[in-house]
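Peer 1: Residue numbers (our numbering): 259 to 842. Think of the CB as a built atom: it goes at the ideal place given N, C-alpha and C, for glycine as much as any other residue. The structure presented is a predicted model; accordingly, all values stated were derived computationally and were not measured.
(1) Among all the DSSP beta bridges, which residues are the ones paired with residue 285?
(2) For residue 308, does the three-state DSSP call read helix, strand or coil?
(3) Just checking, does the stretch 751-770 make contact with the stretch 303-312 on the three C-beta pairs under 8 Å criterion?
(4) At a Cβ threshold of 9 Å, is residue 383 touching chain C?
(5) Which class does residue 532 belong to by DSSP, given the choice of helix, strand or coil?
(6) Since residue 322 contacts residue 769 with CB under 8 Å, what's their CB separation in whole angstroms?
(7) Would residue 396 be called buried (16 or more neighbouring beta carbons within 10 Å of its own) or exposed?
(8) Give the C-beta separation of residue 681 and residue 571 to the nearest angstrom, bearing in mind that I take them to be a contact with Cβ-Cβ under 8 Å.
(9) In three-state DSSP terms, what is residue 700?
(10) Excluding sequence positions up to five away, which residues of its chain have a Cβ less than 7 Å from the Cβ of residue 447?
(11) For residue 579, write down the residues that DSSP places opposite it in a beta bridge.
(12) Going by Cα to Cα distance, which pick from 724, 776, 778 is closest to residue 755?
(13) Leaving out the 5 sequence neighbours to the left and right, which residues in its chain are closer than 6 Å to residue 547 when beta-carbon positions are compared?
(14) Would a C-beta distance cut-off of 9 Å place residue 288 and residue 303 closer than the cut-off?
(15) With a Cβ-Cβ cutoff of 9 Å, do residue 585 and residue 530 count as a contact?
(16) What does the Cβ neighbour count give for residue 424, buried or exposed, with the cut at 16 atoms within 10 Å?
(17) Nearest to residue 508 by alpha carbon, out of 400, 514, 542, 339?
(18) Quick check on the burial criterion: 16 or more other C-beta atoms within 10 angstroms. Buried or exposed for residue 489?
(19) Enumerate in chain order the residues of its own chain whose CB-to-CB distance from residue 263 is below 8 Å, with the five nearest sequence positions on each side excluded.
(20) Over what stretch of residues does the beta strand (DSSP E) that includes residue 763 continue unbroken?
(21) From the DSSP output, which residues share a beta bridge with residue 438?
(22) Tell me whether the beta-carbon of residue 797 lies closer than 9 Å to the beta-carbon of residue 835.
(23) Leaving out five residues on either side along the sequence, give the residues of the same chain with a beta carbon under 7 Å from the beta carbon of residue 752.
(24) Going by DSSP, what residue range makes up the beta strand (DSSP E) through residue 747?
(25) Would DSSP call residue 414 helix, strand or coil?
(26) If you draw a straight line from the C-alpha of residue 771 to the C-alpha of residue 800, how long is it?
(27) Starting from residue 480, follow its DSSP beta bridges and name the residues at the other end.
(28) Would you report the Cα separation of residue 612 and residue 679, rounded to the nearest angstrom?
(29) Can you tell me which of 346, 387, 598 puts its alpha carbon nearest to the alpha carbon of residue 270?
(30) Is residue 532 buried or exposed, if buried means 16 or more other CB atoms sit within 10 Å of its CB?
(31) Quick one: what's got a C-beta closer than 7 Å to residue 583's C-beta in the same chain, skipping five residues either side?
(32) What three-state label does DSSP hand residue 614 in the structure shown?
(33) For residue 297, count the other beta carbons within 10 Å of its own beta carbon; 16 or more makes it buried, fewer makes it exposed. Which is it?
(34) Are the stretch 400-415 and the stretch 370-379 touching, with three or more C-beta to C-beta distances below 8 Å?
(35) So for residue 607, helix, strand or coil by DSSP?
(36) Which of helix, strand or coil does DSSP assign to residue 325?
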């Protein structure tokens, strides 16, 4: 890949804007802060510096530049991240030839061409039945265009032939989930279905969902799991809803494509849909990045209610406050919102939504009154409540105890007993744990945190050519303890440019070096340290190193085991410390 491409893409992007698609950021001074997307935290410790174009989390230690972030958050290699960001920046990459495009680019292109084909098919002769179906569902032509709905003809290979004519291979079609391998030939995976394109949160097409109109087969069919599409990590319409979720301060979660579309058409543009009935941890984390409050509005049948309950606990576990919307006037949001007065009914349902502890108790109340079901129902409720924090339960204790017919103090005691039981079960040691522990002892240096002063000095040298010219390698390098930082300082003070170092690290797949630069940037931003403090920081690092050596020599002198050369070294270092400033 051409290094010019890497620099050009990076120069056109604002790292805060890119990361802002994934994390709610708030500006403080010159730095943005938010909750880290790479680990669960309550207090924001994730910093983004637009000035230095780096990010760093003081909680988990992740850090780097815009490429590092996209590679980590989207699970991409560097070339895929470069292509993704180049598309966003509007940069045409020069460092590729026709033969070396990676598969992700081909997948992205092929999905876009497939979408164009589906849209064209919906408007063609074969799409008449699909158009009639959408009309019956009160979807207008404008709505179809807004949500890019399409039609997969019932033919076994119409899309296959179309993409073949465009130059795509059978392997690419199968890999992208558009075709499946038959006993003799490949065939279209989606046939006779109304098509819904699925986009990632960053507005990149990653797959499709299809609703069958006639014949056998699953009612809904999604693209198969692949390197580019994983339904566990995505939510339908998140690309359109993310800004509205942030602005409104909450998300609305529904089950189906049509539910999500109807909510958007009715003004609830902060609505997303889970790609299946069970909400996953990854989807909950995606919601958490946008907001701390979510209203779940699943179907009102028993399956929908149970799915809503599971989803509530999944979200709550990730730190999202959850309320359940109980619908009247229809089984799902699409049906309710199409009624006369549906908007008012839906708004009323949201306004009277129920928090998780109350909803769970309401859902189990009927079974608790049936002798043969009561034991299992109570166990399920108690286990669920015990998994929540005391702060989540406390406001609802009295109401739940009334529903169960027990005193509040009895309910509290039972929940606490379950909580202790769950805690014991989670921490109970098994005999084999001892063997795992011994085998997994890390290298003693691998868990040492890099020194803050060393990170800051390295970041300052990285940013300023003038500063690099004011230090000799001998003045700094021997006193830097962290091996990676020591090598970096040595290279910078020996004349290597940050640009060349960065290129070499990328070629070697070295993320740690950029991570340490970002850490230094984060500390500088957090503490408000100016670049003119670099000499003072270097002086402190040197003095600290000498003081540590003097302490070590003192120990040897007291024990009478110091050599003659160590005695002389002790005298020299003691004079240096007493004299204040070091010589070079």
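Peer 2: Concretely, from the data shown:
(1) Looking at the DSSP output, residue 285 sits in a beta bridge with 290.
(2) Of the three classes helix, strand and coil, the one that applies to residue 308 here is coil, per DSSP.
(3) Result no; under three Cβ-Cβ pairs closer than 8 Å.
(4) The structure shown contains no chain C; it is built from a single protein chain.
(5) Here DSSP, grouped into helix, strand and coil, assigns residue 532 to strand.
(6) At roughly 6 Å, the Cβ-Cβ gap stays under 8 Å, so residue 322 and residue 769 are in contact.
(7) Looking at its Cβ environment, which holds fewer than 16 other Cβ atoms inside 10 Å, residue 396 is exposed.
(8) That pair is no contact at about 17 Å.
(9) Low per-residue confidence applies at residue 700: pLDDT is 36, beneath 50, and the placement is therefore not dependable enough to give any value.
(10) Annotation for residue 447: 435, 436, 437, 438 place their beta carbon closer than 7 Å to its own, counting only its chain and skipping 5 residues before and after.
(11) Per DSSP, 551.
(12) For the residues 724, 776, 778, the minimum Cα distance to residue 755 belongs to 724.
(13) So the qualifying residues of the chain are 280, 281, 295.
(14) No; because the gap between Cβ atoms is not below 9 Å, this pair is not in contact.
(15) Between residue 585 and residue 530, the C-beta gap is not smaller than 9 Å, which leaves the two residues out of contact.
(16) Classification of residue 424: exposed, given that the 10 Å Cβ count is below 16.
(17) If we check each option's Cα against that of residue 508, 542 comes out closest.
(18) Flag for residue 489 reads buried.
(19) Apart from the 5 residues on each side of it in sequence, residue 263 sits with its Cβ closer than 8 Å to the Cβ of 340, 344, 349, 351, 352, 353 in its chain, given in chain order.
(20) Annotation for residue 763: no beta strand (DSSP E) segment contains it, though the alpha helix (DSSP H) segment containing it runs 756-766.
(21) Per DSSP, 445.
(22) For the 9 Å CB-CB criterion, residue 797 and residue 835 do not form a contact.
(23) Excluding residues up to 5 positions away in sequence, 731 lie with their Cβ nearer than 7 Å to the Cβ of residue 752 in the same chain.
(24) That residue, residue 747, is in no beta strand (DSSP E); its alpha helix (DSSP H) goes 741-751.
(25) Coil at residue 414, not helix or strand.
(26) About 22 Å.
(27) Partner(s): 467.
(28) One C-alpha to the other measures close to 28 Å.
(29) It is 346.
(30) By the neighbour-count definition (other C-beta atoms within 10 Å, threshold 16), residue 532 is a buried residue.
(31) Only 553, 554, 555, 607, 608, 611 meet the Cβ criterion.
(32) Here residue 614 sits in helix by DSSP.
(33) So residue 297 ends up on the exposed side.
(34) Flag = yes, the stretch 400-415 and the stretch 370-379 touch.
(35) Of the three classes helix, strand and coil, the one that applies to residue 607 here is helix, per DSSP.
(36) Here residue 325 carries a helix assignment [DSSP, helix/strand/coil].
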